[in-house]
Amino acid sequence: MNDVSLITQGAEGRVFNAKFLGKNVIIKHRFKKTYRHPDLDDYLTKERIKAEVKSLVRCRMVGINVPALYDVNLHASEIVMENLDDAIQARKFIYERKADRSEVLGIGKEIGAVLAKLHSNDIVHGDLTTSNILIRPSSEKPIVYLIDFGLSYVSDKIEDKAVDLYVLERAVSSTHPDSDGFLEVLWEAYREKGGKKLNSVLLKLDEVRTRGRKKLCFG
Ligand SMILES: Nc1ncnc2c1ncn2[C@@H]1O[C@H](COP(=O)(O)OP(=O)(O)O)[C@@H](O)[C@H]1O
Ligand SMILES: [Mg+2]
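Residues are numbered in our numbering as their position in the sequence shown, beginning at 1, plus a constant of 613.
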């Protein structure tokens, strides 16, 4: 295992580069949290891994770009998946391409379309940030990948989908405060791709926003 190198160390676990059956892979390992009761911790860790695996497969079945799942080991709290090694975080992409507004807006459009497909299939991501969206350059338009499905679930509720978008909106506003027009383009593509059904999610988003603001003021 000398090919293993750490990529990120998050609050929930670690992500490694490694080799698996001769391929470059990502190993996502979730570690124990000592401040939680061991039984609860074990339960939550397993639930997150199951959520991630289920959504990776579900997305893949309906043609949403996600890393291929190669292996899962609940006992070792590990998932092995395709390494999208030529992709970069949308966060980084937006920072690096800041000067090229049309390129950044182009990415917003692509992300909106992918999220419409996700929600049309009743998958709620649960942690939409620009670090959990990867961009793979291609000779035509860049390809959007979704990752990090540990908090995802299946739901047909408008409210759940609206909150999913609200989480992204908050993340984008704080990570990319000067990305004028990015969210507008994203919502427009979401509306266009999602049709009538998802238009109600955007209407609900207005409500969620208002509630969010009230909570911040009086919370
Ligand atoms: N399949 C993958 N291919 C390439 N990079 C990945 C992959 N999975 C994760 N990463 C990188 O590792 C980071 C953390 O992975 P993530 O699944 O988001 O876990 P965390 O729960 O730590 O946020 C991602 O933001 C991304 O930069
Ligand atoms: Mg993440």
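Quick reminder that beta carbons are idealized off the backbone N, C-alpha and C, glycines included.
Check: Below 8 Å on the Cβ atoms is my guess for N678 versus V757; work out the distance and round it to an integer in Å.; Outcome: 6 Å
Check: Contact between the segment 663-677 and the segment 710-719 is defined here as three or more beta-carbon pairs at a separation below 8 Å; is this criterion met?; Outcome: no
Check: Return yes when the C-beta of N745 is under 6 Å from any heavy atom of ligand 2, and no when it is not.; Outcome: yes
Check: Comparing alpha-carbon positions, which option in V617, G808, G623 lies nearest G725?; Outcome: G808
Check: What separation, rounded to the nearest whole angstrom, lies between the Cα atoms of L818 and L718?; Outcome: 21 Å
Check: Output needed for T742: all residues of its chain with C-beta closer than 6 Å, excluding positions within five of it in sequence on either side, in chain order.; Outcome: A784
Check: Sort N686, G623, S618, F762 by Cα distance to R671 and report the nearest one.; Outcome: F762
Check: What do you reckon, are the CB atoms on D654 and K663 nearer than 7 Å?; Outcome: no
Check: Should F831 go down as buried or exposed, given a rule of 16 or more other Cβ atoms within 10 Å for buried?; Outcome: exposed
Check: Where V821 and H732 are concerned, what is the direct C-alpha to C-alpha distance, given to the nearest angstrom?; Outcome: 17 Å
Check: Excluding five sequence neighbours on each side, which residues of the same chain lie with their C-beta closer than 6 Å to the C-beta of G721?; Outcome: F795, V798, L799
Check: For E782, is the beta carbon positioned less than 6 Å from some heavy atom of ligand 1?; Outcome: no
Check: For H738, I'd like the list of residues in its chain whose CB is within less than 6 Å of its CB, leaving aside the five on either flank, ordered along the chain.; Outcome: S765, D777
Check: Indicate, with yes or no, if ligand 1 has a heavy atom lying under 6 Å from the CB of T621.; Outcome: yes
Check: Relative to the alpha-carbon of I640, which residue among G825, G626, R649 has its alpha-carbon at the smallest distance?; Outcome: G626
Check: Quick check on the burial criterion: 16 or more other C-beta atoms within 10 angstroms. Buried or exposed for L697?; Outcome: buried
Check: Tell me whether L718 counts as near ligand 1, meaning its Cβ is closer than 6 Å to at least one heavy atom of that ligand.; Outcome: no
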